[in-house]
Amino acid sequence: MAAIYNPRYETIAREELQQLQLERLQATINRCYKNVPFYRRRLEALGMEPEDFQSLDDLRQLPFTTKQDLRDSYPYDLVALPLREVVRFHLSSGTTGSPTVIAYTANDLAHWTELVARNLVAGEITREDVVQIFFGYGLFSGGFGLHQGAEAIGASVLPVSEAELPQQVKIMQDFRSTALIGMPSYALAIAEAMEAAGVDANSLSLRVGLFGAEPWSEERRQAIEERLHIRAYDIYGLSEMGGPGVSGECPERCGLHLAEDHYLVEVVDPATGEPLPEGEEGELVFTTLTKEALPLLRYRSGDLSALDSAPCACGRTVARMRRVCCRTDDMVIIHGINVFPADVATVLASFPEVSEHFQLVVEQVGVLDELEVRVELAPQFFSDTIRGLEGLEQEIADKIRANLGVGVAVKLVEPKTIERSIGKAKRVLDLRDKE
Amino acid sequence: MAATRIVQQVSIFLENKSGRLAEVCTTLGAHDINIRALCIADTSDFGILRLIVNDPAKAASVLQQAGFSVGQTSVIALQIPDRPGGLGGVLEKLEAVGINVEYMYAFFVRREGDAVVLFRVADDVLESTIRLLQEANVPILSAEDVYAL
Ligand SMILES: [Zn+2]
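As you go down the protein sequences, you meet chains R and L in turn.
Numbering-wise (this note's numbering), the first sequence opens with residue 421 and increments by one.
Numbering-wise (this note's numbering), the second sequence opens with residue 6 and increments by one.
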């Protein structure tokens, strides 16, 4: 049987797990009530006190915590401890206008490190590995999270987020890297650079890769595995839950094992918020069970998935979540940056030359993902020269880059050519790996 | 009476898809609008169809109703002497005072042996361009003349 980093908790009996979850939930609610005015007000509005939570199901009486709640609390309002206890901050990627903060105590960092270590071991990484981590190190939590975990299991870590593609290839050759960790789109870019440099994957020592921070399909997994000659594993996390480490695949690759001793995970109907039976697809809702600096109760992730708590052949008893391929809010993740259609709409609204009808098209050009913003011209337009219209496209692209931090191509289209769907607009067209 | 010297051109934004140009012509025909002159400027992604018609306001309105993005632009119609250098002389006059011609195109029909050419200059120099051409005795067609050509 493959290695398990923390068998005590990863193979815990479900009954014992639920008892542990309840104890930790009660402690978390207690801390929230005492130290976070936002949550205290919520409990008071319901006429509830921490003692009223006697079962895991009682949690369902609480309203959800949303991304907007986090934005409104920027930067410190949800932090449950004095700042002297906080040792690290990360910020969510995405819009520069309204970031969300994640804070860590020393204990939070230790837990985070352990959870990432569990994912690494589940993904066949050992202390013998030379690990090349190309997640960004900075406000984005991915680089630091994987780095800490990899050091904790004793792997040899190369923090290569600053390296350009040719240098990534050279480092793979020179250091005989055995494992790659980062975004799947970037893994493909490395494969491309490797092929362009005439380097044969057989001449390298690579054997495994852990990829995440953006949705990726089975087709993309196959492409990565074939071109880099590795076995590719999916890892999942979200900055609001502390970053990576929330779940990861084991060698069975039948879903991602959740760290259920640290997170209570619900699946709800995105429209009604009602809990769904196990196995049905819905929105993942997370409650932190051990976080000290930033405990969150019923946080709506926006990610769609389904849970399976049947025992896995790998020996782990913690539930598995299906790979996330869609989001409820049509968020697009491109180059690791979260792009919300609502933010694009705000930028477009400042241009009277275009209408409110637009679509985000994600395409794979070569190995890189590119985001195109297609927007309908207003019925009456202003410039009738090519230069004028191309200038308008560029102006919109520049403003999107300035406000959202992501490079896009803007394409003007005729009125009434973007598909309208009933109710919610079909904002995103993802053409990645569909060819 | 400079105002009547300004000809209203109808501009239509077209993605480069087959059939759209025909739809413009069909829509106009169905509303008894005649096309007097046209030109297309395009890139690999989109094109701009510029039209001189007998009733520009109506053309713009029916095309918008048909789902096109439509603009109206002021242009000048000049009667260019049909001899070598005729057009060049006019352009030189404009260039001499720093007026930039953004684009120009010719009419289908000739008038009394001369060519009719449509000029687009920036709106803020439109009036001064007309004055300059009048002082230089370049014949400018009135809007009424152009729509009726
Ligand atoms: Zn497993």
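Glycine included, every Cβ here is placed at the ideal spot set by N, Cα and C.
Exercise for the section: Below 6 Å CB to CB, which residues in the same chain sit around residue 614/R once its five sequence neighbours on both sides are set aside? Expected result: 589
Handout entry: Positions along the region 788 to 821 of chain R whose CB lies within less than 8 Å of some CB in chain L
Key = 796, 797, 798, 799, 800, 801, 802, 803, 804, 805, 806, 809 and 810
Practice task
Counting only the same chain and skipping the five closest in sequence on each side, list residues whose C-beta sits under 8 Å from that of residue 153/L.
Solution key: 59
Practice task
Identify whether residue 624/R lies in helix, strand or coil by the three-state DSSP scheme.
Solution key: coil
Exercise for the section: Measure the C-alpha to C-alpha separation of residue 463/R and residue 469/R and round it to an integer number of angstroms. Expected result: 6 Å
Practice task
Say whether the region 633 to 649 of chain R touches the region 674 to 681 of chain R, bearing in mind that this needs 3 or more beta-carbon pairs closer than 8 Å, one atom from each stretch.
Solution key: no
Problem - Exposure label - residue 78/L; buried when at least 16 CB within 10 Å - result: buried
Problem - Meets three-Cβ-pair contact criterion under 8 Å: the region 51 to 58 of chain L and the region 17 to 24 of chain L - result: yes
Practice task
State the Cα-Cα distance for the pair residue 38/L and residue 826/R, rounded to the nearest angstrom.
Solution key: 46 Å
Problem - Beta carbon proximity, residue 66/L to chain C, threshold 8 Å - result: Structure shown: chain C not included; protein chains present are R and L.
Practice task
Give me the Cα-Cα distance between residue 592/R and residue 817/R, rounded to the nearest whole angstrom.
Solution key: 35 Å
Problem - Presumed contact (8 Å Cβ cut-off) between residue 629/R and residue 599/R, rounded CB distance - result: 6 Å
Practice task
Give the DSSP-derived three-state secondary structure of residue 676/R in the structure shown.
Solution key: strand
Problem - Under 8 Å by beta carbon: chain R residues contacting residue 19/L - result: 834
Exercise for the section: May I ask you to list, following chain order, the residues of the region 100 to 111 of chain L that have a beta carbon less than 9 Å from some beta carbon of chain R? Expected result: 107 and 108
Exercise for the section: Under the assumption that residue 135/L contacts residue 10/L (Cβ atoms under 8 Å), give the Cβ distance between them as a whole number of angstroms. Expected result: 5 Å
Exercise for the section: With DSSP collapsed to three states, give me the class of residue 76/L. Expected result: strand
Problem - Close-in-space but distant-in-sequence residues of the same chain around residue 456/R (CB under 7 Å, 5 per side omitted) - result: 498 and 500
Exercise for the section: Could you name the residues that DSSP lists as bridge partners for residue 669/R? Expected result: 676/R
Handout entry: Contact between the region 685 to 696 of chain R and the region 425 to 442 of chain R (3+ Cβ pairs under 8 Å)
Key = no
Handout entry: Boundaries (first-last residue) of the beta strand (DSSP E) holding residue 110/L
Key = 106 to 111
Exercise for the section: Take the Cβ of residue 535/R as the centre, count every other Cβ of all protein chains shown within 10 Å, and call the residue buried at 16 or more, exposed below. Expected result: buried
Exercise for the section: Spell out the partners DSSP gives residue 590/R in its beta bridges. Expected result: According to DSSP, which records beta bridges pairwise, residue 590/R is partnered with nothing at all.
Exercise for the section: Buried or exposed for residue 504/R, please, with buried defined as at least 16 other CB atoms from any protein chain shown within 10 angstroms of its CB. Expected result: exposed
Problem - DSSP-derived helix/strand/coil call for residue 832/R - result: strand
Practice task
From the DSSP output, in three-state form, read off residue 876/R for me.
Solution key: Since the first residue of chain R shown is 421 and the last is 855, residue 876/R is not available in this structure.
Exercise for the section: Consider the Cβ of residue 831/R: report whether some Cβ of chain L lies at a distance smaller than 8 Å. Expected result: yes
Handout entry: Nearest neighbour of residue 715/R, chosen from 653/R, 754/R and 445/R [CA to CA]
Key = 445/R
Problem - Simplified DSSP assignment, three categories, for residue 732/R - result: coil
Practice task
Kindly examine ligand 1 and report whether one of its heavy atoms sits closer than 7 Å to the Cβ of residue 732/R.
Solution key: yes
Exercise for the section: Kindly list, in the order they appear in chain R, the residues whose Cβ is closer than 8 Å to that of residue 75/L. Expected result: 799, 800 and 801
Practice task
Tell me residue 601/R's beta-bridge partners as DSSP assigns them.
Solution key: 553/R and 630/R
Handout entry: Any C-beta of chain R under 8 Å from that of residue 24/L
Key = no
Handout entry: Cα-Cα separation between residue 122/L and residue 33/L, rounded to whole angstroms
Key = 23 Å
Practice task
Mark residue 55/L as exposed unless 16 or more other C-beta atoms lie within 10 angstroms of its C-beta, in which case mark it buried.
Solution key: buried
Problem - Alpha carbon of residue 789/R to alpha carbon of residue 828/R, nearest angstrom - result: 10 Å
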